[in-house]
Amino acid sequence: MNAKPKRLAIALLAALAILLPISLSGPGVQRAVADEPTTAPAIKVAITSDIDTLNPFLAILATSTAILRFQYESLVTWGKNNEPVAGLSDKWETSPDGKTWTFHIPEDRKWSDNTPLTAEDAAWTFNAIKSNEKLQQANGGLVENVASVTAKDPQTLEIVLAAPQAANPGGELPIVPKHVWEKQDAATYENDTDTVGSGPYLIKAYAQSQTVEMVANPNFWRGQAKTGGITWVYYKNGDAAVQALKTGEVDVISGMTAAQFKSLDGQAGISTVTGAGRRYSSIAINPGAIDNEGKPLGDGNPALQDVNLRKAIMMAVNRQELLDKVIQGLGKLGQTEIPTVYPNYYGFAPGVEAFPFDPAAANKLLDDSGYQKGPDGIRLDKQGKPLKLRLMGRNTEPSHQLIADFLKSWLKDIGIEITVSMVTPQQVNDDSTLGKYDLYFTGWGIGPDPDFQLSINQCSSRPAADGSGATSENNWCDPEFDKLYKAQHTEQDPAKRGELVKQAFSLIHESAVNMVLWYADSLEAYRSDKFDGFVRQPEGQGPITGQNSYWGLYSVQPVGANGDGSAGSNGASGGLPGWAIGVGIAVLVVIAGGAVLLVLRNRRTAEDRE
-8 MNAKPKRLAI ALLAALAILL PISLSGPGVQ RAVADEPTTA PAIKVAITSD
42 IDTLNPFLAI LATSTAILRF QYESLVTWGK NNEPVAGLSD KWETSPDGKT
92 WTFHIPEDRK WSDNTPLTAE DAAWTFNAIK SNEKLQQANG GLVENVASVT
142 AKDPQTLEIV LAAPQAANPG GELPIVPKHV WEKQDAATYE NDTDTVGSGP
192 YLIKAYAQSQ TVEMVANPNF WRGQAKTGGI TWVYYKNGDA AVQALKTGEV
242 DVISGMTAAQ FKSLDGQAGI STVTGAGRRY SSIAINPGAI DNEGKPLGDG
292 NPALQDVNLR KAIMMAVNRQ ELLDKVIQGL GKLGQTEIPT VYPNYYGFAP
342 GVEAFPFDPA AANKLLDDSG YQKGPDGIRL DKQGKPLKLR LMGRNTEPSH
392 QLIADFLKSW LKDIGIEITV SMVTPQQVND DSTLGKYDLY FTGWGIGPDP
442 DFQLSINQCS SRPAADGSGA TSENNWCDPE FDKLYKAQHT EQDPAKRGEL
492 VKQAFSLIHE SAVNMVLWYA DSLEAYRSDK FDGFVRQPEG QGPITGQNSY
542 WGLYSVQPVG ANGDGSAGSN GASGGLPGWA IGVGIAVLVV IAGGAVLLVL
592 RNRRTAEDRE
């Protein structure tokens, strides 16, 4: 190289270093300009559903568990494609007989208050649930097969099972800090102010029916989040939340109706997301709730204890029309409780089919079962009382009233009168737990492993008379189901287990206690003029909120920020063009014929490598 192009290259590189406030990384590379101190903004997320509690031992409602997922990690969490990945534990192994699981917790794990996070915390959490029935409300089924949990040393946890099981016992169960919770009455601790956690965000403050403020955890082992926190903002309904997004009062909304979703098309500064849903929506039918002592629970109509009546109700409902008209086809028609995003477990067992929409067949079934019509067209039950049933829904969910209007007409066609009551989500939760319903709208978010969802349909999952203790999904008990649950629970062959799971969920369907309507697409929107970088789960097709882990709102960053205080790919810096702005730009200088060519390449970030 002659002196002139060499000097030109050096000059251009020097000019570039002055002009671009970028961070060059790699051995021997230092920052040319120190960052100014910055405070990242919190991202505001709208919620329209109630929070039952922020105590992870007791929380059941979807909003509560979604918030807590950011606060407490499990030993094993779910990756960006729903695969098991490191959580508090970075590796684990099982004994040859499948009963002993050993988890290793790295020495660098810390709680947000800088207390070391050790195997003692995990052992305390498991044993607290096992020994205290009051703490089994949310996750009691996860420890049912656990014989013992021991911290062998600060970095080693040993879980011994009563019998081998397919599901990893370190998954799902949120681990709490022993040094905080052992000083509290864990069954009454509200856990809503200045909390200590292990996840990417921490609960700072809670104002009921207003906000939950979370701040970024500086000790999160994957690295501190690029936002300052999450503020969950409560709105009475979806329309109010959509308006708040339009005005910039909130940054993310989810759970929209199809009409609300479509109203955001073309809105400046707003991007919409359609994600394959992991939730099912259904109508539960009370089969005669019973508490854990075998005594009747609640006030469900006794006529519904007849499976033929329940089947006739399901045959009277046109689920395809509901899918098309209520959510405008933005979802998939339901089969069992397992949505399509989990193909290993999705679908009916061989020989089982969905109940068809067939009002004539439903009427014949009721005629044959002895339900005669009265002079007003309403059938009479076996005691001669008119078949009048109550349908309960949430007053925060517009689709419930729309569906109810269809149901009233369809069920009247088979001689059943329906009265509709729309109440708060908290009342739905309370009344359904206590069996105080005939029909009610329900739905669950399903995790990648079906064991928990199956476990809450066992006979042993029935609650106490006051609703405390275990949680029953359908207030239903069938010994045949319990056998299937135990079989899939211990089956190590994935294909065989998949078939057992399908059989178990198909039995719930055939018992006609839970009419799965659809797996709705997750309809979300966010202020793309303020935040970007959302990771979906599964990648490329799933939602950005309501995930099985924390990726969506952990990965997000303010527009124009790349996490180290410098400008990001969506920002502007010093009037430079977009091609000159990036995270850790590598510069390659090529000299040919006296010309200098600068080639800029974006470096893969740590998040890309996850």
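Start counting the sequence shown at -8; every next residue gets the next number (my numbering).
Where is the CB? At the ideal position from N, CA and C, for every residue including glycine.
Given the structure is predicted, the values throughout are model-derived calculations rather than measurements.
- Contact between the region 223 to 235 and the region 113 to 127 is absent: fewer than three C-beta pairs spanning the two stretches fall below 8 Å.
- Between the alpha carbons of Q199 and K121 lies a distance of about 30 Å.
- Contact check for N309 against F348 passes: the beta carbons are separated by less than 7 Å.
- Between the region 86 to 94 and the region 535 to 544, the count of Cβ pairs shorter than 8 Å is below three; the stretches do not touch.
- Beta bridge pairing from DSSP links V298 with no other residue.
- With a threshold of 16 other beta carbon atoms within 10 Å, G342 falls short and is exposed.
- Annotated three-state conformation of I499 is helix, per DSSP.
- In this structure, F94 sits near L148, with a CB-CB distance shorter than 7 Å.
- The beta carbon of R270 is closer than 6 Å to those of G434, G436 in its chain, skipping five residues each way along the sequence.
- For the options E74, N159, L66, the alpha carbon positioned closest to that of S80 is the one of L66.
- In the DSSP assignment, W102 falls outside any beta strand (DSSP E) and carries neither an H nor an E.
- Rounded to whole angstroms, A37 and L514 show a C-alpha spacing of 13 Å.
- Take the alpha-carbon of F397 and the one of W223: they are about 33 Å apart.
- Just measuring C-alpha positions, the residue of P191, T424, Q417, L357 sitting nearest G406 is L357.
- The C-alpha of G365 is placed about 32 Å away from the C-alpha of R385.
- Non-local C-beta neighbours of F252 in its own chain, meaning closer than 6 Å and more than five positions away in sequence, comprise L514, ordered along the chain.
- With a beta-carbon spacing of about 7 Å, G268 and G322 fall inside the 8 Å limit used to define contacts.
- CA-to-CA, the gap between L378 and T202 works out to about 43 Å.
- Distance from the CA atom of D144 to the CA atom of I166, rounded to whole angstroms, is 17 Å.
- In terms of Cβ geometry, N208 and K101 do not form a close pair [threshold 7 Å].
- In the displayed model, P107 falls within a strand according to three-state DSSP.
- Distances from the alpha-carbon of S390 to those of W172, S540, L314 put L314 closest.
- Under DSSP, I261 shares a beta bridge with R518.
- Taking G291 as the centre and dropping the five residues before and after it, the same chain places the C-beta of N277, G279, A280, G426, Y428, D429 closer than 7 Å to its C-beta, in chain order.
- Cβ-Cβ separation between T410 and R381: approximately 5 Å, consistent with a contact (criterion under 8 Å).
- With a cutoff of 7 Å on beta-carbon distance, L508 and S273 are scored as near each other.
- Secondary structure of S272 (DSSP, three-state): strand.
- Per DSSP, the beta bridge partners of F432 are I274.
- In the three-state reduction of the DSSP assignment, S459 falls in the coil class, being assigned neither a helical nor a strand state.
- Boundaries of the alpha helix (DSSP H) around N420: 416 to 424.
- In this chain, T202 is not harboured by any alpha helix (DSSP H); it is covered by the beta strand (DSSP E) spanning 202 to 207.
- In this structure the region 234 to 244 does not lie against the region 495 to 503, because fewer than three pairs of beta carbons, one per stretch, are closer than 8 Å.
- Between the C-alpha atoms of Q311 and V317 there is a straight-line separation of about 10 Å.
- The Cβ atoms of K71 and Q528 lie closer than 7 Å to each other.
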